[in-house]
Amino acid sequence: MKKSKKLCLIFLMAAFTVLVLPAAGFLSGCGTENTEQTAQTAQTSQTAQTSQTAQTSQTAQAVQLPQHAQQQNEQEGAAVNVDYEAIAYEVMPDNVKALVDGHKKEAAVVIVAVNYSKYIFIALGPRPTGGYSVAIKSVTERQGVVTVVYGEQKPEKGAMVTQAFTYPWIVIKIDTELPVDTLFE
Numbered sequence: 003m004k005k006s007k008k009l010c011l012i013f014l015m016a017a018f019t020v021l022v023l024p025a026a027g028f029l030s031g032c033g034t035e036n037t038e039q040t041a042q043t044a045q046t047s048q049t050a051q052t053s054q055t056a057q058t059s060q061t062a063q064a065v066q067l068p069q070h071a072q073q074q075n076e077q078e079g080a081a082v083n084v085d086y087e088a089i090a091y092e093v094m095p096d097n098v099k100a101l102v103d104g105h106k107k108e109a110a111v112v113i114v115a116v117n118y119s120k121y122i123f124i125a126l127g128p129r130p131t132g133g134y135s136v137a138i139k140s141v142t143e144r145q146g147v148v149t150v151v152y153g154e155q156k157p158e159k160g161a162m163v164t165q166a167f168t169y170p171w172i173v174i175k176i177d178t179e180l181p182v183d184t185l186f187e
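To convert, take the position in the sequence shown, counting from 1, and add 2; that gives the working numbering.
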């Protein structure tokens, strides 16, 4: 019974990805006067749809093959490492840049979904000197939830640091549609 529920869920996710998301992307361009941009958006949406359909098929196959191992891991509560990348400000989507600009001087954690990825913005707030940074300790998936564990990297004692307030922050990107939780350690 459990296996059929998972297969049904995978099928529903694939159908949603193929049918609903491309339609939403196409409709987001409605009413724009720049037809060249609208055509590019539609073409990009169609390319993303084709790519996502292929990825969804591969994901469905990957989930079906090691099903017994995955069920055993879930029963044991094992967490699986998730790949992520730190994103430079220059290559962030505009809405993520706006978020960084608006919140980088305060302690905040904000998660933004863009296409099929999640951007996680973590800011520590003001620090008395330079040398502080956000340290990503782990990114794992367990029972359908991705957890980002982060902490504060402090300057070494006696290190030469900037004598001014600093505002350490980081943005990481995770290719997932699962819910994301954060934990400060």
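Glycine included, each C-beta is placed from N, C-alpha and C at the ideal position.
Computed from a predicted model, the values in this text were never measured in an experiment.
Would the segment 118-128 and the segment 163-182 be scored as touching if the rule is three or more Cβ pairs under 8 Å? Contact annotation: the segment 118-128 touches the segment 163-182, with at least three C-beta pairs closer than 8 Å.
Does the Cβ of Leu180 have 16 or more other Cβ atoms within 10 Å, making it buried, or fewer, making it exposed? With fewer than 16 other CB atoms across the displayed protein chains lying within 10 angstroms of its CB, Leu180 is exposed.
So does the segment 79-88 actually touch the segment 134-146, counting three or more Cβ pairs closer than 8 Å? Judged by Cβ distances under 8 Å, the segment 79-88 makes contact with the segment 134-146, as three or more pairs qualify.
Residues of its chain near Leu67, where Cβ-Cβ distance is below 7 Å and the 5 sequence neighbours each way are ignored: Confidence in Leu67 is poor, its pLDDT being 32 and thus under 50, which makes the residue's placement too unreliable to answer from.
Measuring alpha carbon to alpha carbon, tell me which of Lys120, Glu187 and Val163 ends up nearest Glu87. For Glu87, the nearest C-alpha among the options comes from Lys120.
From Tyr91 to Ile174, what distance separates their C-alpha atoms? Using only the alpha carbons, I get a separation of about 11 Å.
Rounded to a whole number of angstroms, what is the C-alpha to C-alpha distance between Arg144 and Pro95? Rounded to whole angstroms, Arg144 and Pro95 show a C-alpha spacing of 28 Å.
Which ranges does the alpha helix (DSSP H) cover as unbroken runs of at least 4 residues, wholly within the segment 87-164, from first to last along the chain? Here the runs fully enclosed are 96-105.
With distances taken from CA atoms, which of Val114, Val111, Gln165 and Thr178 is nearest Tyr134? Checking every option, the nearest Cα to that of Tyr134 belongs to Gln165.
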